[in-house]
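Chemist: Going down the list, the sequences are from chains W and D. Counting in our numbering, the first sequence runs from 264 upward without gaps. Counting in our numbering, the second sequence runs from 19 upward without gaps. My questions all concern the structure below.
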Amino acid sequence: MSEHSEHIVPASLYWLIFIILIIATFLTAWIATIDLGKFNTVVALFIATCKASLVVLIFMHVKYTSEKMTKAILISAVFWLLLLLMLSLTDYSSRQTEDNKTTGEVVPVHILSGSVANT
Amino acid sequence: MSDSHAIGETPLAVEHEARPELRHHFADEQQQRNAASLGMWWFLGTEIMFFGGMFCAYLVYRRIYFPEFAAASRSLDLIVGTLNTAVLICSSLTVAMAVRAAQMGKRKLQVQLLLATIFFGLVFLGVKGYEWSNKYKEHHIPTFHYNVVGGNGDLIKENSAFLGIDKVKNDPVKLAAREAEIQKHTQIFYSLYFALTGMHAIHMIIGVGIFSVITWMAWKGRFTPEYHTPLEIAGLYWHFVDIVWIYLFPLLYLIDRRPGA
Numbered sequence: 264m265s266e267h268s269e270h271i272v273p274a275s276l277y278w279l280i281f282i283i284l285i286i287a288t289f290l291t292a293w294i295a296t297i298d299l300g301k302f303n304t305v306v307a308l309f310i311a312t313c314k315a316s317l318v319v320l321i322f323m324h325v326k327y328t329s330e331k332m333t334k335a336i337l338i339s340a341v342f343w344l345l346l347l348l349m350l351s352l353t354d355y356s357s358r359q360t361e362d363n364k365t366t367g368e369v370v371p372v373h374i375l376s377g378s379v380a381n382t
Numbered sequence: 019m020s021d022s023h024a025i026g027e028t029p030l031a032v033e034h035e036a037r038p039e040l041r042h043h044f045a046d047e048q049q050q051r052n053a054a055s056l057g058m059w060w061f062l063g064t065e066i067m068f069f070g071g072m073f074c075a076y077l078v079y080r081r082i083y084f085p086e087f088a089a090a091s092r093s094l095d096l097i098v099g100t101l102n103t104a105v106l107i108c109s110s111l112t113v114a115m116a117v118r119a120a121q122m123g124k125r126k127l128q129v130q131l132l133l134a135t136i137f138f139g140l141v142f143l144g145v146k147g148y149e150w151s152n153k154y155k156e157h158h159i160p161t162f163h164y165n166v167v168g169g170n171g172d173l174i175k176e177n178s179a180f181l182g183i184d185k186v187k188n189d190p191v192k193l194a195a196r197e198a199e200i201q202k203h204t205q206i207f208y209s210l211y212f213a214l215t216g217m218h219a220i221h222m223i224i225g226v227g228i229f230s231v232i233t234w235m236a237w238k239g240r241f242t243p244e245y246h247t248p249l250e251i252a253g254l255y256w257h258f259v260d261i262v263w264i265y266l267f268p269l270l271y272l273i274d275r276r277p278g279a
C-alpha cells in the first residue's frame, strides 16, 4: 500500500507559501495607493494571479497529483473563462456607451487599465 | 466488516478485509482517490464558469462607468478588506495542514486544524457582515433610500474632479443630470458588489457546513493515511472559495486608490 500513498508536502513549504500569500496581500493593498497610472490594475491582477497559482499548485496539490486529467480540467476551465472575458471585453471596448452621453464629460476608458482618457 | 472471512480464504478477500474503504470497482486506493478528486475538479470547473459570468458582467460595467465604479470602490474599507483577505489565507493554511495531518495519521491535530478553519471562516463572515452593515448605514444598498449624493454616504465631495462634477458645477441643469447619472451608475457597482460578495459568502457558509461534518468525521477517527478523501476534496472546495476572494479583493476594493487621482 505504501507505494500508492500520496506525496506529503513538508509543513515548511506550506508555511512559506502562507507567508508569501500574506505579504502579497499587504503588498497589493499598498501598491494600490501608489500612482502607477494605467498599470495599477495590471499589477493588482498580476499579484492576484500569482497568489491563485500558488494556492492551486501547492495547497490544492496540482503540482504533485499523478492524475493528468486534473491539469486538463483546470487548463480548459481557465481557457473558457478567458475566452468569455476576452471576447466580451473586446466587444464592449469597441462600442460607444449610451448612458454617458448626458454631459459628454465621461469618456470611454482603456480596457483593464481603466484609466480615464484625457479630455 | 465482520471477521467472518477466514484469513487465507482467497487472497482478494484478505486484501479487501484489510482495506474496507476501497470500493470493489477501483483497482487500488490511488485510483479511487484520483477519481474522487477528479470529480471535485469537474465541479470546480463549473464553479469557475459560474463566478466567471458575474466577473464578466462586473468587468464590462467597470469599463463603461469607470469613474463611478472607482468612487464607489473607495467607499469600501481598505484596511478591513485587507485583514479579511489575510484571515481567509490563514484558513487555507489550516485546511492544507489538516489534510497533511490526515496523511500522517494525526487525529487530534486534524481536529484542531479543522476547528481553526471553521473559526477563520466564521471570522471572515462576521467581518463581511460588519462591512455590509456599514453599507446599510451609508445608504449604499441599492434598494429604497439608496443615496450617494450628499448624506452620510456621500461619494461626490471627495471625488468631484474625478467624477466630472467640477466641470459642470456652474450649470445647475447639467449638474443635476450628472448627479442623477452618478446615483444610477454607482448602484450598478453596489449591485455587483453585493452579488459577488454575497455569492462568495454563501459559498463560505456552505463551506463551514461541510467542514463541520468533516471535523466530526475526523473526531470519530474516520480518516487514515490510506483514506481521507472527504477531507481532501472538501479542502479543494475551500481553497477554490479562497481563490475567488483573491480576485474579488483587488477587483472590488482596489479599483483606483491613487491619492489625488
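Just so you know, even glycine gets a beta-carbon here, dropped at the ideal spot from N, CA and C.
Can you pull the chain D residues whose beta carbon is under 7 Å from the beta carbon of Ser357/W, in chain order?
Modeler: The residue you call residue 357/W lines up with position 94 of the first sequence. Correct list: empty, because the minimum Cβ distance to chain D is about 11 Å.
Chemist: Considering only their Cβ atoms, is the gap separating Gln205/D from Pro160/D smaller than 8 Å?
Modeler: For this step, residue 160/D is matched to residue 142 along the second sequence. For this step, residue 205/D is matched to residue 187 along the second sequence. In this structure, Gln205/D lies closer than 8 Å to Pro160/D by Cβ.
Chemist: Considering only the alpha carbon of each residue, which of Ile294/W, Leu337/W, Phe322/W lies closest to Phe309/W?
Modeler: Translated into the one-based positions of the first sequence, residue 309/W becomes position 46. If we check each option's Cα against that of Phe309/W, Ile294/W comes out closest.
Chemist: Whose Cβ in chain W lies nearer than 7 Å to the Cβ of Ala104/D?
Modeler: Residue numbering aside, residue 104/D sits at position 86 when the second sequence is read from its first letter. Within chain W, Ile285, Thr288 have C-beta atoms less than 7 Å from the C-beta of Ala104/D, given in sequence order.
Chemist: With 8 Å as the threshold, decide whether the Cβ of Asp95/D is near any Cβ in chain W.
Modeler: Sequence index remark: in the second sequence, residue 95/D carries index 77 (1-based). With 8 Å as the cut-off, Asp95/D does not count as an interface residue toward chain W.
Chemist: Please classify Pro273/W as buried or exposed, where buried requires at least 16 neighbouring CB atoms within 10 angstroms.
Modeler: For the purposes of this step, residue 273/W is identified with residue 10 of the first sequence, where counting begins at 1. Label assigned to Pro273/W: exposed.
Chemist: Only counting the same chain, and skipping five residues up and downstream in sequence, which positions put a Cβ closer than 7 Å to that of Trp263/D?
Modeler: Looking up residue 263/D in the second sequence gives position 245. Its chain contains Thr103, Leu106, His218 as the residues whose beta carbon lies nearer than 7 Å to that of Trp263/D, once the 5 sequence neighbours on both sides are disregarded; these appear in chain order.
Chemist: Are the CB atoms of Pro243/D and Met235/D within a distance shorter than 8 Å?
Modeler: As a working note, residue 235/D is residue 217 in the second sequence. As a working note, residue 243/D is residue 225 in the second sequence. No, they are not a contact pair.
Chemist: Taking Cβ-Cβ distances shorter than 7 Å, what residues in chain D pair up with Lys314/W?
Modeler: Locating residue 314/W in the first sequence gives position 51, counting from the first residue. Per Cβ cutoff of 7 Å: Ile264.
Chemist: Comparing C-alpha positions only, which one of Asp298/W, Ser329/W, Lys301/W sits nearest to Gln50/D?
Modeler: Translated into the one-based positions of the second sequence, residue 50/D becomes position 32. Ranking Asp298/W, Ser329/W, Lys301/W by Cα distance to Gln50/D puts Ser329/W first.
Chemist: By a C-beta neighbour count over all protein chains shown, 10 Å radius and 16 as the cutoff for buried, is Glu39/D buried or exposed?
Modeler: Position 21 of the second sequence holds residue 39/D. When all chains shown are included, Glu39/D counts as exposed.
Chemist: Would you call Trp278/W buried or exposed, if buried means 16 or more other Cβ atoms sit within 10 Å of its Cβ?
Modeler: Residue numbering aside, residue 278/W sits at position 15 when the first sequence is read from its first letter. Trp278/W should be labelled exposed.
Chemist: Counting only Cβ-Cβ distances shorter than 8 Å, please list the residues of the segment 333–351 of chain W near chain D, keeping chain order.
Modeler: Thr333, Ile336, Leu337, Ser339, Ala340, Val341, Trp343, Leu344, Leu347, Leu348, Ser351
Chemist: Is Tyr79/D near His158/D, with beta carbons less than 8 Å apart?
Modeler: Sequence index remark: in the second sequence, residue 79/D carries index 61 (1-based). Sequence index remark: in the second sequence, residue 158/D carries index 140 (1-based). No, Cβ-Cβ distance for Tyr79/D and His158/D is not below 8 Å.
Chemist: Counting only beta-carbon separations shorter than 8 Å, does Thr353/W have a partner in chain D?
Modeler: Position 90 of the first sequence, counting from 1, holds the residue named residue 353/W. The Cβ of Thr353/W sits no closer than 8 Å to any Cβ of chain D.
Chemist: Quick one: list the residues of chain W neighbouring Ser109/D, beta-carbon separation under 8 Å, in chain order.
Modeler: Against the second sequence, residue 109/D aligns to sequence position 91. Chain W residues near Ser109/D: none, gap ~11 Å exceeds 8 Å.
Chemist: With 8 Å as the threshold, decide whether the Cβ of Val305/W is near any Cβ in chain A.
Modeler: Reference to chain A is not applicable here, since the protein chains of this structure are W and D.
Chemist: Looking at chain D, is there any beta carbon in it that lies within less than 8 Å of the beta carbon of Phe322/W?
Modeler: Numbered from its first residue, the first sequence carries residue 322/W at position 59. Chain D contact via Cβ: present.
Chemist: Taking 8 Å as the threshold, find out whether the segment 347–359 of chain W comes into contact with the segment 68–84 of chain D through three or more Cβ pairs.
Modeler: yes
Chemist: Is Val262/D helix, strand or coil when you go by DSSP?
Modeler: Counted from its first residue, the second sequence places residue 262/D at position 244. Reduced to three states, the DSSP call for Val262/D is helix.
Chemist: Which residues bound the alpha helix (DSSP H) around Asn177/D?
Modeler: Counted from its first residue, the second sequence places residue 177/D at position 159. Where Asn177/D is concerned, there is no enclosing alpha helix (DSSP H), given that its DSSP letter is neither H nor E.
Chemist: Report the CB separation of Asp274/D from Ala90/D in whole angstroms; it is logged as a contact under 8 Å.
Modeler: Locating residue 274/D in the second sequence gives position 256, where the first residue counts as 1. Locating residue 90/D in the second sequence gives position 72, where the first residue counts as 1. Actually they do not touch by this definition, with Cβ atoms about 10 Å apart.
Chemist: Secondary structure at Lys185/D, three-state DSSP: helix, strand or coil?
Modeler: What you label residue 185/D is simply residue 167 of the second sequence in a count that begins at 1. In the structure shown, Lys185/D adopts helical secondary structure according to DSSP, grouped into three states.
Chemist: Can you list, in chain order, the residues of its chain whose CB lies under 7 Å from that of Tyr211/D, leaving out five sequence neighbours each side?
Modeler: Position 193 of the second sequence holds residue 211/D. Once the five neighbours on either side are set aside, the close Cβ partners of Tyr211/D are Leu270.
Chemist: Reducing DSSP to helix, strand and coil, say where Gly168/D ends up.
Modeler: Along the second sequence, one-based indexing puts residue 168/D at 150. Of the three classes helix, strand and coil, the one that applies to Gly168/D here is coil, per DSSP.
Chemist: For a contact defined as C-beta to C-beta under 7 Å, what are the partners of Ala114/D on chain W?
Modeler: If you number the second sequence from 1, residue 114/D lands on position 96. The contacting residues are Tyr277, Phe322.
Chemist: Could you name the residues of chain W that Met67/D contacts, counting a contact when the two beta carbons are closer than 9 Å?
Modeler: Within the second sequence, the letter at position 49 stands for residue 67/D. By Cβ distance, chain W contributes Ala340, Trp343, Leu344, Leu347.
Chemist: Which residues of chain D have a Cβ atom closer than 7 Å to the Cβ of Phe281/W, listed in chain order?
Modeler: Stepping through the first sequence from its first residue, residue 281/W is reached at position 18. Going along chain D in sequence order, the residues near Phe281/W (Cβ under 7 Å) are Ile107, Leu111.
Chemist: Mind checking which residues open and close the alpha helix (DSSP H) that includes Arg15/D?
Modeler: The structure shown does not extend to residue 15/D, since chain D is modelled only from 19 through 279, so no value can be given for it.
Chemist: Which residues in chain W sit within 7 Å of Pro277/D, going by Cβ to Cβ distance?
Modeler: Looking up residue 277/D in the second sequence gives position 259. Near Pro277/D (Cβ distances below 7 Å), the residues of chain W are Thr296.
Chemist: In the segment 43–57 of chain D, which residues sit with their C-beta less than 8 Å from some C-beta in chain W, listed in chain order?
Modeler: Asp46, Glu47, Gln48, Arg51, Asn52, Ser55, Leu56
Chemist: Report yes if the CB atom of Val226/D is closer than 8 Å to the CB atom of Leu140/D, and no otherwise.
Modeler: The residue labelled residue 226/D in the question sits at position 208 within the second sequence. The residue labelled residue 140/D in the question sits at position 122 within the second sequence. Closer than 8 Å, so yes.
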